[in-house]
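According to this note's numbering, the stretch in the sequence shown is residues -10 to 141, in order. Worksheet for the structure shown next.
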Amino acid sequence: MTQAIHNIKLTRTSLLNIIDGLTVEQLNKIPEGFNNNIIWNVAHLISAQQGICYVRAGLKYPVEEHIFKAYAVGTKPEAFVDDIEIAKIKELLLSTLDILAADFDQNIFFGYQEWTTRYGVTLSNIDEALKFLIFHEGLHFGYIMALKRVIA
-10 MTQAIHNIKL
0 TRTSLLNIID
10 GLTVEQLNKI
20 PEGFNNNIIW
30 NVAHLISAQQ
40 GICYVRAGLK
50 YPVEEHIFKA
60 YAVGTKPEAF
70 VDDIEIAKIK
80 ELLLSTLDIL
90 AADFDQNIFF
100 GYQEWTTRYG
110 VTLSNIDEAL
120 KFLIFHEGLH
130 FGYIMALKRV
140 IA
């Protein structure tokens, strides 16, 4: 496992601890002044990882299409997320990193297509993508902390 994936895993483990004990209603609540909720942000981390690592390398992502599309960039919460999907999202938060680490070790990301993120960062390979994911995870970690302060 690369250091970047390890760091992302540490962040996500901390995130799971932070949201532990929140109710389904709290995870779904969109407070005034916000346009999404905690569970959307958590699931978005999974979706973004698939797009940034797999789609940009021309590969099929290893999560269900529903998860990828419902929480992709440009989406917002459209429906109440029930406890079954919340449990699945929490499980995927770490298991997708294990899959990513195994795929990275097998060097399957050789076809990475260069692109520039909406933050102006140009990514040309999987190593740069993983470093960017650390930034992206931190950004949404902050959003989740702000949402939690408002709803808890």
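Quick reminder that beta carbons are idealized off the backbone N, C-alpha and C, glycines included. Since the structure is predicted, the reported quantities are computational estimates derived from the model, not experimental observations.
Exposure of residue i, with buried meaning 16 or more beta-carbon neighbours within 10 Å
i      : result
Trp104 : exposed
Ala68  : exposed
Contact check, residue i vs residue j, beta carbons under 8 Å
i      : j      : result
Ile27  : Leu136 : yes
Leu16  : Phe130 : no
Lys65  : Asn6   : no
Ile102 : Gly63  : Correcting the residue identity first, residue 102 is Gln in this sequence and not Ile. In this structure, Gly63 does not lie closer than 8 Å to Gln102 by Cβ.
Phe93  : Ile115 : yes
Glu126 : Thr2   : no
C-alpha distance - residue i paired with residue j, whole-angstrom precision
i      : j       : result
Phe57  : Leu83   : 15 Å
Asp9   : Gly109  : 34 Å
Ile133 : Arg45   : 26 Å
Val157 : Ile19   : The shown model of the chain, from -10 to 141, leaves out residue 157, and the question about it has no answer.
Ala118 : Ala141  : 33 Å
Gly120 : Gln(-8) : It should be pointed out that residue 120 corresponds to Lys in this sequence rather than to Gly. So the two alpha carbons sit approximately 9 Å from each other.
Pro51  : Cys42   : 11 Å
Glu14  : Leu86   : 27 Å
Glu54  : Val139  : 31 Å
Leu11  : Ile(-6) : 26 Å
Ile88  : Ile123  : 17 Å
Where residue i sits in the DSSP three-state scheme
i       : result
Leu11   : coil
Thr(-9) : coil
Thr106  : coil
Leu48   : coil
Take every Cβ of the stretch 31 to 38, pair it with every Cβ of the stretch 77 to 86, and state whether three or more of those distances are shorter than 8 Å.
yes
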